[in-house]
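Below: one structure, written as structure tokens.
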Amino acid sequence: MNAFSKGDFFLYFKNSLFVSVTATLLTVLINTMAGYALSKFIFKGRDIIFYTMIATLMIPLQVIMVPIFLLLKNLGMLNSLWGIIIPPAATPTGIFLARQYILTIPNSLIEAARIDGGGEFFIFHSIILPLATPIIGTITIFSFMWRWNDFLWPFIVISTPKLMTVQLALANFVGQYQINWASLLAMTIISMIPMIIVFLLFQKYFVKGLTAGGVKF
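This is the structure:
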């Protein structure tokens, strides 16, 4: 408990938990919706959009960091937790995995639902999401761990100490002349607990979700 009392660590823990959970929910929703659209809808330019999105994986974060920072500044989202959450909500890797998995869902199920009068949101909610739980679990693990461990983007966006995440707090806890190793190691171990819990909850979907992404398209 002494570790939590050091520099409002419990507050930083709550900030990280809010950012990671909210961002993961947004990422799962956006990625599965995009994967559904790119796998089951036929429209002009679909493949171009998909391959362009995959090509963005080769662009380093440092290249787009300044434009995103200026955009957040114009939107008034700097120095807020939402400024950490929203910009990376849609990830090319997550969309790719979702698209590849949803391709394995038979089109006959979707067509039958459409014939029965089901709308696209009903199909997505009642058919796609339940059948795509393996890939949703995989994306959840990736997204949560990435957001929880992220240091660079929160470091750029956040300037108020009360809004710091766990990773920023751990970095700031390291003093220039001395380090309280006992408290630092205790806080580091405590910060690992949410990741372990998330992985244990979704690990049964992990391998199945990844292997399903290898289907040809």
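In terms of the working numbering, the sequence shown opens at residue 2 and continues consecutively.
For glycine and all other residues, C-beta sits at the position ideal for the given N, C-alpha and C.
- For Ile103, the CB contacts under 7 Å within the same chain, skipping 5 residues up- and downstream, are Gly36, Tyr37, Ser40, Lys41, Ile129, Ala133 in chain order.
- Counting only residues of its own chain and dropping the five nearest sequence neighbours on each side, Leu27 has a CB closer than 8 Å to the CB of Ile86, Ile87, Ala90.
- Annotation note: the stretch 17–93 contains the following uninterrupted alpha helix (DSSP H) runs of length 4 or greater, listed N- to C-terminal: 47–56, 62–76, 82–86.
- Ser144 places its beta carbon less than 8 Å from that of Thr25.
- Nearest in C-alpha terms to Thr23, of all of Met78, Met59, Leu82, Ile191, is Leu82.
- Per the Cβ contact rule, the stretch 148–164 is in contact with the stretch 72–81 (3 or more Cβ pairs under 8 Å).
- Inter-residue distance for Lys45 and Ile69 is about 29 Å (C-alpha atoms, whole angstroms).
- Tyr52 and Arg148 have their C-alpha atoms roughly 25 Å apart.
- Residue environment: Gly95 is assigned as buried (16 or more neighbouring CB atoms within 10 Å of its CB, all protein chains considered).
- The shortest C-alpha to C-alpha distance from Asn16 to any of Met188, Leu110, Phe97, Gln168 is the one to Gln168.
- DSSP places Pro155 inside the alpha helix (DSSP H), whose first and last residues are 153–158.
- The beta carbons of Thr105 and Tyr206 sit no closer together than 8 Å.
- For Gly138, the enclosing alpha helix (DSSP H) begins and ends at 134–150.
- In the structure shown, Met193 falls within a helical segment according to DSSP collapsed to helix, strand and coil.
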